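Engineer:
There are 2 protein chains.
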Amino acid sequence: MKILVLLAHPDKTSFNHAIAEVAIETLTADEHEVAFHDLYREKFPATLPVQEIPRGASLPRIISRHCSEVVKADGIIIIHPNWWGQPPAILKGWIDRVLRPGVAYTFAEGDSGDGELIGLLKANMVMVFNTSNTPVDRELNLYGDPLETLWKNNMLISCGVKNFYRRNFGVIVTSTLKQRRIWLKEVREITNKCFPRGL
Amino acid sequence: MKILVLLAHPDKTSFNHAIAEVAIETLTADEHEVAFHDLYREKFPATLPVQEIPRGASLPRIISRHCSEVVKADGIIIIHPNWWGQPPAILKGWIDRVLRPGVAYTFAEGDSGDGELIGLLKANMVMVFNTSNTPVDRELNLYGDPLETLWKNNMLISCGVKNFYRRNFGVIVTSTLKQRRIWLKEVREITNKCFPRGL
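As given, the protein sequences belong to chains G and L, one line each in that order.
Here the first sequence is numbered in the numbering used here, starting from 16 and rising by one per residue.
Here the second sequence is numbered in the numbering used here, starting from 16 and rising by one per residue.
Structure representation (structure tokens):
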């Protein structure tokens with residue numbers, strides 16, 4: 016399988032980077048083909064310019080390459096911290112620019128642009144790994160865990176993805192090395208389960 | 016009153032720009048002091064770099080200026096389209112970089128970074144104007160209108176803002192000129208009501 020892995024954290028020593036490393040190791044060991052983007056390292060340009068809005072617009076090479084990869088992906092893994100219940104801006108920019116009409120979704124013929132999106136992605140499974148410094152009960156009760164519905168309902172279902180697995184690790188800031196090792200073991204197990212060898 | 020107005024839409028001819036224009040006209044007529052940022056026109060740099068994460072980090076001039084304005088604001092108006100249930104990346108970048116620890120929020124003494132945020136903003140009222148191409152029933156039933164809770168619970172309450180008014184205009188793509196004029200009249204009335212003259 017072709018698996019696209021996206022990482023959005025500015026600190027190379029972050030737990031997000033450790034998650035990405037373990038996920039990629041696991042995918043590679045299972046003989047999947049991995050396309051990996053560390054959006055910060057690659058300085059992904061986050062701001063969607065006006066000329067890219069129309070369907071069929073001419074795209075800079077970096078964006079058309081990302082579009083081509085997301086279209087080809089059989090699976091996607093997205094790794095990012097919870098910043099204000101949302102992804103970091105650099106990843107929101109990837110969403111704004113790469114999940115384009117004609118690439119990730121379309122409308123029914125004759126639709127004026129207010130109809131339901133028809134998903135175009137062939138990826139069957141998307142995994143989202145998040146990290147957070149908000150304890151689970153506060154995230155659920157005070158904030159309503161918006162990342163769950165944002166990824167699942169607003170983005171992935173709209174783009175045609177059928178299977179979704181999200182795991183939020185936290186609290187990061189107070190976690191021990193031992194705890195982090197257990198979490199990374201879990202990353203390996205979940206990745207393996209969602210993208211088994213020979214699939 | 017000092018009112019900060021933020022606009023995040025790439026198209027100068029957009030309805031978002033029309034909303035901003037009417038809001039600013041209304042505020043100025045009511046003798047408020049307006050600080051206006053068209054984030055696209057100003058090419059706001061959206062990506063929070065690693066060295067800005069720590070509290071007390073040294074900030075580039077553009078960020079410290081934004082921080083100083085948000086701290087001084089008695090009120091804030093934010094105008095943006097609904098892109099995937101979230102703000103455009105350029106505005107998410109403003110949130111990531113400007114709503115900083117020590118500027119927009121802090122933690123109780125001795126907190127390890129997983130406690131409840133203590134809001135530091137003095138702004139008493141924040142208005143959010145959104146535009147959308149998703150009909151209201153689908154936004155509420157399929158997506159759960161995440162922008163309402165993101166702005167209110169995740170960001171504004173956490174930063175100490177007590178009063179919040181949000182209005183979503185749509186469907187934009189199929190709206191008539193007449194409908195848009197009625198909406199702009201509403202923008203004028205709401206702005207006037209939330210920030211009356213002589214307050």
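Ideal Cβ positions, reconstructed from N, Cα and C, are used throughout, including at glycine.
On a predicted model such as this, the values are computed, not experimentally measured, just so you know.
So the alpha helix (DSSP H) residue 108 of chain G belongs to, where does it begin and stop?
Structural biologist: Your numbering for residue 108 of chain G matches position 93 in the first sequence. Segment 104–113, the alpha helix (DSSP H) holding residue 108 of chain G.
Engineer: Quick one, which of L:69, L:74, L:86 has its alpha-carbon nearest residue 119 of chain L's?
Structural biologist: For the purposes of this step, residue 119 of chain L is identified with residue 104 of the second sequence, where counting begins at 1. Per the Cα distances, L:86.
Engineer: I'd like to know whether the C-beta atoms of residue 158 of chain L and residue 169 of chain G end up nearer to each other than 8 angstroms.
Structural biologist: Residue mapping note: residue 158 of chain L aligns to position 143 of the second sequence, counting from 1. Residue mapping note: residue 169 of chain G aligns to position 154 of the first sequence, counting from 1. Their beta carbons are under 8 angstroms apart, which means residue 158 of chain L touches residue 169 of chain G by this criterion.
Engineer: Using the C-alpha atoms, what's the distance from residue 190 of chain L back to residue 40 of chain G?
Structural biologist: Position 25 of the first sequence, counting from 1, holds the residue named residue 40 of chain G. Position 175 of the second sequence, counting from 1, holds the residue named residue 190 of chain L. About 51 angstroms.
Engineer: Should residue 71 of chain G go down as buried or exposed, given a rule of 16 or more other Cβ atoms within 10 Å for buried?
Structural biologist: The count along the first sequence starts at 1 and reaches residue 71 of chain G at position 56. Counting Cβ neighbours within 10 Å, residue 71 of chain G comes out exposed, since fewer than 16 surround it.
Engineer: Any contact of the region 16–23 of chain L with the region 170–187 of chain L, i.e. 3+ C-beta pairs under 8 angstroms?
Structural biologist: No: the two stretches stay apart, fewer than three of their Cβ pairs being nearer than 8 angstroms.
Engineer: Between G:33, G:63, G:57, G:65, which has its C-alpha nearest residue 64 of chain L's C-alpha?
Structural biologist: Numbered from its first residue, the second sequence carries residue 64 of chain L at position 49. Ranking G:33, G:63, G:57, G:65 by Cα distance to residue 64 of chain L puts G:57 first.
Engineer: So the beta strand (DSSP E) residue 17 of chain L belongs to, where does it begin and stop?
Structural biologist: One-based indexing of the second sequence puts residue 17 of chain L at position 2. 17–22 is the extent of the beta strand (DSSP E) around residue 17 of chain L.
Engineer: Decide yes or no for the touch test of the region 75–86 of chain G against the region 38–55 of chain L: beta carbon pairs closer than 8 angstroms, at least 3 of them.
Structural biologist: As far as the Cβ criterion goes, the region 75–86 of chain G does not touch the region 38–55 of chain L, which means the pair count is below three.
Engineer: Hey, is residue 101 of chain G's beta-carbon within less than 8 angstroms of any beta-carbon in chain L?
Structural biologist: For the purposes of this step, residue 101 of chain G is identified with residue 86 of the first sequence, where counting begins at 1. Interface residue, yes.
Engineer: What residues from the region 181–207 of chain L come within 9 angstroms of chain G, judged by C-beta to C-beta, listed N to C?
Structural biologist: The residues in question are 185, 186, 187, 188, 189.
Engineer: Across the region 93–112 of chain L and the region 124–138 of chain L, are there enough close Cβ pairs to call them in contact, namely three or more that are closer than 8 angstroms?
Structural biologist: No, because fewer than three Cβ pairs between the region 93–112 of chain L and the region 124–138 of chain L fall closer than 8 angstroms, the two stretches do not touch.
Engineer: Among L:212, L:154, L:36, which one has its Cα closest to the Cα of residue 94 of chain L?
Structural biologist: Here residue 94 of chain L is taken as the residue at index 79 of the second sequence, counted from 1. The shortest C-alpha separation from residue 94 of chain L is found at L:36.
Engineer: For residue 9 of chain G, is the classification buried or exposed, using 16 other Cβ atoms within 10 angstroms of its Cβ as the cut-off for buried?
Structural biologist: The structure shown has nothing for residue 9 of chain G, since chain G only spans 16 to 214.
Engineer: In or out: residue 97 of chain G buried (at least 16 other Cβ within 10 Å) or exposed?
Structural biologist: Walking along the first sequence from the start, residue 97 of chain G turns up at place 82. With 16 or more other Cβ atoms within 10 Å, it is buried.
Engineer: I want to see whether chain L comes within less than 8 angstroms of residue 155 of chain G, judged by CB atoms only; does it?
Structural biologist: Counted from its first residue, the first sequence places residue 155 of chain G at position 140. No, residue 155 of chain G does not count as interfacial toward chain L.
Engineer: From this set, L:204, L:124, L:32, L:48, which residue's C-alpha is nearest residue 91 of chain L's C-alpha?
Structural biologist: Residue numbering aside, residue 91 of chain L sits at position 76 when the second sequence is read from its first letter. Cα-wise, what sits closest to residue 91 of chain L is L:48.
Engineer: With a threshold of 8 angstroms between beta-carbons, can residue 62 of chain L be considered close to chain G, or not?
Structural biologist: As a first step, residue 62 of chain L must be located in the second sequence, where it is residue number 47. Taking Cβ atoms only, chain G reaches closer than 8 angstroms to residue 62 of chain L, which makes this a yes.
Engineer: Quick one, are the C-beta atoms of residue 68 of chain L and residue 69 of chain G less than 8 angstroms apart?
Structural biologist: By 1-based counting over the second sequence, the position of residue 68 of chain L is 53. By 1-based counting over the first sequence, the position of residue 69 of chain G is 54. No, Cβ-Cβ distance for residue 68 of chain L and residue 69 of chain G is not below 8 angstroms.
Engineer: So with CB distances below 7 angstroms, who are the chain L contacts of residue 107 of chain G?
Structural biologist: What you label residue 107 of chain G is simply residue 92 of the first sequence in a count that begins at 1. Correct list: 101, 104, 107.
Engineer: Which chain G residues are close to residue 77 of chain L, counting only those with a beta carbon under 9 angstroms from its beta carbon?
Structural biologist: By one-based count along the second sequence, residue 77 of chain L stands at place 62. The premise fails here: residue 77 of chain L is roughly 15 angstroms from chain G at the closest Cβ pair, so nothing lies under 9 angstroms.
Engineer: Under 7 angstroms between beta-carbons, which chain L residues line up against residue 65 of chain G? List them in chain order, please.
Structural biologist: Your numbering for residue 65 of chain G matches position 50 in the first sequence. Correct list: 25, 26.
Engineer: Who pairs with residue 121 of chain G in a beta bridge, going by DSSP?
Structural biologist: Taking the first sequence and counting its residues from 1, one reaches residue 121 of chain G at position 106. Bridge partners of residue 121 of chain G: G:133.
Engineer: Taking the beta strand (DSSP E) that residue 48 of chain G belongs to, which residues open and close that run?
Structural biologist: Within the first sequence, numbered from 1, the residue matching residue 48 of chain G stands at position 33. Note, residue 48 of chain G: beta strand (DSSP E), 48–53.
Engineer: How would you call residue 62 of chain G, buried or exposed, if buried means at least 16 neighbouring beta carbons within 10 angstroms?
Structural biologist: Walking along the first sequence from the start, residue 62 of chain G turns up at place 47. Per the 10 Å Cβ criterion, buried.
Engineer: Residue 170 of chain G bridges to which residues according to DSSP?
Structural biologist: Position 155 of the first sequence, counted from the first residue, corresponds to residue 170 of chain G. Paired residue(s): none; residue 170 of chain G is not in a bridge.
Engineer: Check whether chain L comes within 8 angstroms of residue 128 of chain G, counting only Cβ atoms and requiring the distance to be less than that.
Structural biologist: Here residue 128 of chain G refers to the residue found at position 113 when the first sequence is read from its first residue. Chain L contact via Cβ: present.
Engineer: Relative to the C-alpha of residue 196 of chain G, which candidate in G:28, G:33, G:27 has its C-alpha closest?
Structural biologist: For the purposes of this step, residue 196 of chain G is taken as the residue at position 181 of the first sequence. That would be G:33, whose Cα lies nearest to the Cα of residue 196 of chain G.
Engineer: Going along the region 134–156 of chain G in order, which residues come within less than 8 angstroms of chain L, judged by CB to CB distance?
Structural biologist: Per Cβ criterion, the list reads 148, 149, 150, 153.
Engineer: Since residue 141 of chain G contacts residue 179 of chain G with CB under 8 angstroms, what's their CB separation in whole angstroms?
Structural biologist: Start at 1 with the first residue of the first sequence, and residue 141 of chain G comes out as number 126. Start at 1 with the first residue of the first sequence, and residue 179 of chain G comes out as number 164. That pair is a contact at about 5 angstroms.
Engineer: Go ahead and pull the three-state DSSP assignment for residue 99 of chain G.
Structural biologist: Your numbering for residue 99 of chain G matches position 84 in the first sequence. In this structure, residue 99 of chain G counts as coil in the three-state DSSP scheme.
Engineer: Helix, strand or coil, according to DSSP, for residue 147 of chain G in the structure here?
Structural biologist: Along the first sequence, one-based indexing puts residue 147 of chain G at 132. If DSSP states are grouped into helix, strand and coil, residue 147 of chain G belongs with the strands.
Engineer: Pick out whichever of G:27, G:73, G:78, G:89 has its Cα sitting closest to the Cα of residue 16 of chain G.
Structural biologist: Residue 16 of chain G sits at position 1 when you count from the first residue of the first sequence. Nearest C-alpha to residue 16 of chain G: G:89.
Engineer: Report back the beta-carbon spacing between residue 100 of chain G and residue 162 of chain G to the nearest angstrom; my notes put them in contact at under 8 angstroms.
Structural biologist: Looking up residue 100 of chain G in the first sequence gives position 85. Looking up residue 162 of chain G in the first sequence gives position 147. Contact holds; Cβ gap of about 6 angstroms.
Engineer: Measure the C-alpha to C-alpha separation of residue 111 of chain L and residue 174 of chain L and round it to an integer number of angstroms.
Structural biologist: In the second sequence, residue 111 of chain L corresponds to position 96, counting from 1. In the second sequence, residue 174 of chain L corresponds to position 159, counting from 1. Whole-angstrom Cα-Cα distance: 13 angstroms.
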